[in-house]
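Chemist:
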Amino acid sequence: MTWSNAYRAFCLVALAWLAQALLYGWIWADVDQVKQVPKSVRDNPGSYRSHYASYRRYHWGK
Amino acid sequence: MTCPKCGAPLQEIALDAGAKVLSCPSCAGAFYPRNELAVEIALSQVGDTERACPQCGGRLRAGTMYSGKLELEQCSVCGGVWLDAGEVGKLRSLSGVEGLLKGPAAGATFLSGGGQSEDIQRGVERFAPKLSENAPMSDKTGRLIDSATMDNPDANRAPSVTVDGVVYKHFQTAVAQVVCALGEFNWKVEVGEHARVRDFIAPPNLLSNEVTGKDSVWSRGRWLEGSEVWQAFQLEGSPPPAVKVAPAQPNHWSDDVDKMWTAYGVSAILALFIGIGMHAAAPDRDIATFNFDYDRAEAEKSKVSPEFAIDGRTSNLEVLTTTNLANKWAYFSIALINSETDEALDFGREVSYYYGSDSDGAWSEGAPYDRAVIPRVPPGRYYLRVEPEDGDAQKFSYYIKLRRGVPQWLPVFLVLLVLLFPPLIAYWRRYSFEVDRWAESDHPWVSEGPDDDDDDD
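If you read the sequences in order, they're chains A and B.
Take the first sequence: its position 25, counting from 1, is numbered 27 in this note's numbering, and each next residue is one higher.
Take the second sequence: its position 300, counting from 1, is numbered 302 in this note's numbering, and each next residue is one higher.
Structure (structure tokens):
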């Protein structure tokens, strides 16, 4: 396979990825997926331990 | 077969692709079979001799040519010619024919001087330019065109030659000089003899022009892969690896670069169409808005929103957090929890907004809101869990607005950027190849500066 043919195939793959990314709303985001969240969180939100709580501290500004 | 002059055994010597002569190692005489000589033999004052033809045994007949200046013997049966030592040179100079051997399978073209320009044998490639240094410049009949003038500033003007509609670019001009002659030649060779050699290239073809005195010889060649040569001669093993770039070596990146740029152009247009189409088809609508208040004095600062529905297909979800912070900052740990699957998408966002004025005027830093986009949120029923943390704000209000299927241009730009690299790399490879090719020519693409010498202190 020549480089040009390989590149054409790569273009097709990239365009296919682009179509599904735009269709399903792909975006680069720093999001964690947490499973088995207890239903008690609805009534007691303090029982949920966020991955980001007290993890980051404000580090810029006046 | 024995020498008709001294009786020594004759040796058969194969010359120039098919031509064979019988040579005597003792007296240096040679027997040329009929049709091997490019010169027509017509003897005068013919007389029989006692010598026998070494090829067929017939009687040799002696005679003269060129008004008695040359004596030689010809077989009365097969027509072969016997020449004593020294008579070959005489025949060449008297006939004006440099290449005495025809060599029917030689595939070579001989241009002879002395008014014998009609005596031309066309080679296998049918390349027989009738060119002299005074050839006209027009190409109407497809003749070879040489754009060089008699001044021929080859190094500066880079002349070109056109053959069969193909333009050959000047590669280099050199003067070749004979410094040593070792072996047997079928033309007169003198030490000190020089020829101006000009090479022209149109990869994979190469034209070479050799000018000696009034003679101008053009030859055309084609670059071959080492494997082709090995296969043609059925050599064992594999050819040595290529080093550098040969003048007529084809640049395999040339076709690829053009095709890749074409593919990139088409892909860029398609990517833009896909982006525009998806943007038009995106939901891009509000889902819900929730208002909250933060008070540092509260024991439990986390808030939970009412349940809401996200319908439609899997898409992104924009979370816009807006506050009334002024010269304050806050951090929000937000979880989008699916009440049906008990799975959460957890993320954190910072909001800070500072403003003021100084000697330079009003200034501001940050914004009182933050916009986050969560990818691939499937449809279902959800609720938000928000846990704010303040830096220096005791109380503030904030609301969170959710929007479904917000169009994004980032993937389009990302694809365009990623697809750009391969053609750029291929273009660089093609360029580097040509730089290496022309580095050894009279027209280098990159001039080398003087080497920097380190001073020894």
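Note that beta-carbon positions come from the ideal geometry of N, C-alpha and C, so glycine has one too.
Since the structure is predicted, the reported quantities are computational estimates derived from the model, not experimental observations.
Which same chain residues, not among the five before or five after B:Arg373, have their C-beta less than 7 angstroms away from its C-beta?
Modeler: These residues qualify, in order along the chain: Glu320, Leu322.
Chemist: In chain A, which residues lie with their C-beta within 9 angstroms of the C-beta of B:Phe435?
Modeler: Those within 9 angstroms of B:Phe435 in chain A number zero; the least Cβ separation is about 13 angstroms.
Chemist: Listing by chain order, which chain B residues have their CB less than 8 angstroms from the CB of A:Val36?
Modeler: The contacting residues are Ala337, Glu345, Ala346, Leu347, Asp348.
Chemist: Can you find at least 3 beta carbon pairs, one from the segment 372 to 388 of chain B and one from the segment 341 to 352 of chain B, that sit closer than 8 angstroms?
Modeler: Taking 8 angstroms as the limit for Cβ pairs, the verdict is that the segment 341 to 352 of chain B does touch the segment 372 to 388 of chain B.
Chemist: Any C-beta of chain A within less than 7 angstroms: which residues of the segment 223 to 242 of chain B qualify?
Modeler: Within the segment 223 to 242 of chain B, no residue qualifies.
Chemist: Does the structure place the segment 244 to 263 of chain B close enough to the segment 434 to 447 of chain B that three or more beta carbon pairs sit under 8 angstroms?
Modeler: Output reads yes: the segment 244 to 263 of chain B touches the segment 434 to 447 of chain B.
Chemist: On the criterion of 16 or more Cβ atoms from any shown chain inside 10 Å, does A:Pro40 qualify as buried, or is it exposed?
Modeler: By the neighbour-count rule (16 or more Cβ atoms within 10 Å), A:Pro40 is not buried but exposed.
Chemist: Can you list, in chain order, the residues of its chain with a C-beta nearer than 6 angstroms to that of B:Thr66? Leave out the 5 residues immediately preceding and following it.
Modeler: Taken in chain order, the residues that qualify are Ser46, Gln47, Glu73.
Chemist: For A:Ser6, which residues in chain B fall below 9 angstroms Cβ to Cβ?
Modeler: Simply Asp257, Asp258, Val259, Asp260, Lys261, Met262, Thr264, Ala265, Ala428.
Chemist: Is there at least one Cβ from chain A nearer than 8 angstroms to B:Met3's Cβ?
Modeler: No, B:Met3 lies away from the interface with chain A (no Cβ there is under 8 angstroms from its Cβ).
Chemist: Which residues, taken in chain order from the segment 362 to 389 of chain B, show a beta carbon closer than 9 angstroms to some beta carbon of chain A?
Modeler: So the list reads Glu367, Gly368, Ala374, Val375, Ile376, Pro377, Arg378, Val379, Tyr385, Arg387, Val388, Glu389, given in the order they occur along the chain.
Chemist: For the segment 165 to 193 of chain B, list every residue whose C-beta sits within 7 angstroms of some C-beta in chain A, in sequence order.
Modeler: If the cut-off is 7 angstroms between Cβ atoms, the segment 165 to 193 of chain B has nothing near chain A.
Chemist: Check the Cβ of A:Ser52 against every Cβ in chain B and list those closer than 7 angstroms, keeping chain order.
Modeler: Near A:Ser52 (Cβ distances below 7 angstroms), the residues of chain B are Ser335, Ala337, Asp348, Glu389.
Chemist: Specify, as a first and last residue, the run of the alpha helix (DSSP H) that B:Ile278 falls within.
Modeler: Its alpha helix (DSSP H) spans residues 255 to 283.
Chemist: So, with DSSP's three-state summary, where would you put B:Ser399?
Modeler: Note: B:Ser399 maps to strand in three-state DSSP.
Chemist: State buried or exposed for B:His172, treating a residue as buried only when at least 16 other CB atoms are found within 10 Å of its CB.
Modeler: It is buried - the Cβ of B:His172 has at least 16 other Cβ atoms within 10 Å.
Chemist: Report all residues from its chain with a CB closer than 8 angstroms to the CB of B:Lys142; omit the five preceding and five following residues, and keep chain order.
Modeler: Bear in mind that the predicted position of B:Lys142 carries a pLDDT of just 44, short of 50, making it unreliable; the figure below should be weighed with that in mind. Correct list: empty, nothing qualifies.
Chemist: Give the range of the alpha helix (DSSP H) segment to which B:Gly91 is assigned.
Modeler: Start and end: 89 to 97.
Chemist: Could you give the DSSP three-state label for B:Ala299: helix, strand or coil?
Modeler: Residue state, collapsed to three classes: coil.
Chemist: Whole angstroms is fine: what's the gap from B:Pro308's alpha carbon to B:Lys403's?
Modeler: B:Pro308 and B:Lys403: Cα-Cα distance of roughly 13 angstroms.
Chemist: When you compare only the Cα positions, how much space is there between B:Val181 and B:Val231?
Modeler: For B:Val181 and B:Val231, the distance between alpha carbons rounds to 30 angstroms.
Chemist: Answer yes or no: does any C-beta atom of chain C fall closer than 8 angstroms to that of B:Ala273?
Modeler: Within the model displayed, chain C is absent; protein chains A and B are what it includes.
Chemist: Quick check: is the beta carbon of A:Val65 nearer than 8 angstroms to any beta carbon in chain B?
Modeler: Residue coverage of chain A in this structure runs from 3 to 64, which leaves residue 65 of chain A outside it and unanswerable.
Chemist: With a floor of 3 residues, list each beta strand (DSSP E) that falls wholly inside the segment 319 to 352 of chain B, ordered by position along the chain.
Modeler: For the segment 319 to 352 of chain B, whole beta strand (DSSP E) runs of length 3 or above, ordered along the chain, are 330 to 340.
Chemist: State the start and end residues of the unbroken beta strand (DSSP E) segment that holds B:Trp84.
Modeler: Looking at the DSSP string, the run of the beta strand (DSSP E) that includes B:Trp84 is 83 to 85.
Chemist: Given the structure, does B:Ile336 come close to the ligand GTP, in the sense that its CB is under 7 angstroms from one of the ligand's heavy atoms?
Modeler: The ligand GTP is not among the ligands present in this structure, which contains no ligands whatsoever.
Chemist: Inspect the beta-carbon positions of B:Arg383 and B:Ala311 and report whether they are closer than 8 angstroms.
Modeler: Closer than 8 angstroms, so yes.
Chemist: Is the separation between the beta-carbon of B:Asn211 and that of B:Arg200 shorter than 8 angstroms?
Modeler: The answer is yes: Cβ separation under 8 angstroms.
Chemist: Is it buried or exposed for B:Ser335, if we count other Cβ within 10 angstroms and need 16 for buried?
Modeler: Label assigned to B:Ser335: buried.
Chemist: Taking the beta strand (DSSP E) that B:Phe173 falls in, what are its first and last residues?
Modeler: Where B:Phe173 is concerned, the enclosing beta strand (DSSP E) stretches over 168 to 179.
Chemist: Just checking, does the segment 18 to 37 of chain A make contact with the segment 297 to 305 of chain B on the three C-beta pairs under 8 angstroms criterion?
Modeler: Not touching, per the Cβ criterion.
Chemist: Does the Cβ of B:Gly31 have 16 or more other Cβ atoms within 10 Å, making it buried, or fewer, making it exposed?
Modeler: B:Gly31 is buried by the Cβ-count criterion.
Chemist: In this structure, does DSSP put B:Leu24 in helix, strand or coil?
Modeler: The answer is strand: DSSP assigns B:Leu24 an E or B state.
Chemist: For B:Lys305, which beta-bridge partners are listed by DSSP?
Modeler: B:Lys305 pairs with B:Val388.
Chemist: Going by beta carbon distance, what residues of the same chain come within less than 7 angstroms of B:Ser229, once the five residues before and after it are set aside?
Modeler: Pro241.
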